[in-house]
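Okay, structure first, notes after.
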Ligand code: 13P
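Numbering (my numbering), first residue to last: 238 to 578.
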């Protein structure tokens, strides 16, 4: 079992490949569909995700795994093939979001605790039978006046560690995602300090829950200023500070780090990853586990119309290829312009 966990964790961060986060909850995908004027029906959600998973070039070359929502893990493509089988046929691993969302934390205004531990062992067993080989749990840490509190960070880190241990026991690689949000007007250095605290606490709790670091993938935020901060940061500063905090907090036994995009623009998310990989000398693989930064372009191109499927697949393939180049430190703005043309 441990050998399989380690192998799958390594596959998820294989050179030049990264993860497609397509695990939007029903509420979140509705928001995305609202933005492109598409009704969020089960059939439309299926059609959209089928379009992504049938993007053969992208899936075979640039995507190591896909994070799914419960509904998608059970859905069939229009020709009756399970969507999970489409992912497997492309050589990628199916994964599943297993947390039940971030809920208000008592006595901590503005802070949340991610729920979903109750009954998780049983659900993981079923998910593995349905084909899932990895899972995701997202803890959310917001930065604002007076928050985050130590209590919120500890509670979220402990839940992440409990989840990760349950996953490994079920033969499923846990993606451990402690996301420090980029909402707000805080500086990049405040993001650094909070991210450092959160990562230190997360690995402390992972140790106490006996999680095997070789059989997990970390999905962190990058170190960036808040979106509303008056002073923004250069690509180089983001890369240097993110790598520095990771080197200070993430043991070398972790095979790979797959970033979330967190509301960065498509190209920023790509440029930041590329700059970090170019720094070199890192003990872990760095790659992407992007949701919005991989899907914004194909969603817009698709807009719910059958005649746009090919254009949407081309947009997805382009973004996936740019991120694949970035994960190898081979991306440049010129590449971006040339390939998009
Ligand atoms: P974004 O890349 O859109 O932040 O989504 C990744 C994800 O899975 C968040 O949990």
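Just so it is clear, CB atoms sit at the ideal spot from N, CA and C, and this is done for glycine as well.
Return helix, strand or coil for residue i, following the three-state DSSP convention.
| i | result |
| --- | --- |
| residue 306 | coil |
| residue 465 | coil |
| residue 514 | helix |
| residue 561 | helix |
| residue 492 | coil |
| residue 251 | coil |
| residue 267 | helix |
| residue 497 | coil |
Compare the C-alpha of residue i against each of the options and name the closest.
| i | options | result |
| --- | --- | --- |
| residue 310 | 418, 553, 260 | 260 |
| residue 332 | 300, 440, 317 | 300 |
| residue 400 | 467, 478, 267, 352 | 352 |
| residue 502 | 280, 528, 514, 305 | 528 |
| residue 408 | 246, 307, 552, 571 | 246 |
| residue 481 | 450, 520, 393 | 520 |
| residue 251 | 516, 341, 523 | 523 |
| residue 549 | 414, 536, 373 | 536 |
| residue 238 | 405, 574, 552 | 405 |
| residue 471 | 512, 453, 444, 448 | 512 |
| residue 492 | 453, 460, 323 | 453 |
| residue 350 | 395, 307, 363, 320 | 395 |
| residue 367 | 306, 347, 435 | 306 |
| residue 343 | 389, 371, 321 | 389 |
| residue 412 | 355, 370, 356 | 370 |
| residue 516 | 474, 530, 525, 539 | 474 |
In the DSSP assignment, find the unbroken alpha helix (DSSP H) run with residue i in it and report its ends.
| i | result |
| --- | --- |
| residue 502 | First-last for residue 502: undefined, no H or E at that position. |
| residue 388 | 387 to 406 |
| residue 324 | 320 to 326 |
| residue 425 | 425 to 445 |
| residue 358 | 357 to 366 |
| residue 288 | 279 to 290 |
| residue 486 | 472 to 486 |
| residue 458 | No alpha helix (DSSP H) contains residue 458, which DSSP labels as neither H nor E. |
| residue 296 | 293 to 299 |
Between which two residues does the beta strand (DSSP E) holding residue i run?
| i | result |
| --- | --- |
| residue 351 | 349 to 351 |
| residue 535 | That residue, residue 535, is in no beta strand (DSSP E); its alpha helix (DSSP H) goes 529 to 539. |
| residue 375 | 371 to 378 |
| residue 334 | 330 to 334 |
| residue 273 | Unbroken run through residue 273: none, as it is neither H nor E. |
| residue 417 | 410 to 417 |
| residue 257 | 255 to 259 |
| residue 339 | 339 to 341 |
Answer with yes or no whether the minimum CB distance from residue i to chain B is below 7 Å.
| i | result |
| --- | --- |
| residue 438 | Reference to chain B is not applicable here, since this structure consists of a single protein chain. |
Quiz item: Given 8 Å as the limit, is there contact between the region 480 to 498 and the region 428 to 443, that is, 3 or more CB pairs closer than that?
Solution: yes
Quiz item: Are the region 535 to 551 and the region 495 to 515 touching by the rule of at least three beta carbon pairs closer than 8 Å?
Solution: no
Quiz item: Okay, do the region 384 to 400 and the region 333 to 348 touch, 3+ Cβ pairs below 8 Å being the bar?
Solution: Yes, the region 384 to 400 touches the region 333 to 348.
Quiz item: Would the region 412 to 426 and the region 451 to 470 be scored as touching if the rule is three or more Cβ pairs under 8 Å?
Solution: yes
Exercise. Report yes or no: do three or more beta-carbon pairs, one from the region 370 to 378 and one from the region 268 to 280, lie closer than 8 Å?
Key: No, the region 370 to 378 is not in contact with the region 268 to 280.
Quiz item: Do the region 287 to 299 and the region 555 to 570 make contact, defined as three or more Cβ pairs closer than 8 Å?
Solution: yes
Exercise. Decide if the region 310 to 328 is in contact with the region 281 to 289; the criterion is three or more beta carbon pairs, one per stretch, under 8 Å apart.
Key: yes
Self-check item: Any heavy atom of the ligand GDP within less than 5 Å of residue CB: hits in chain order
Solution: For the ligand GDP, the structure offers nothing, since it holds only the ligand 13P.
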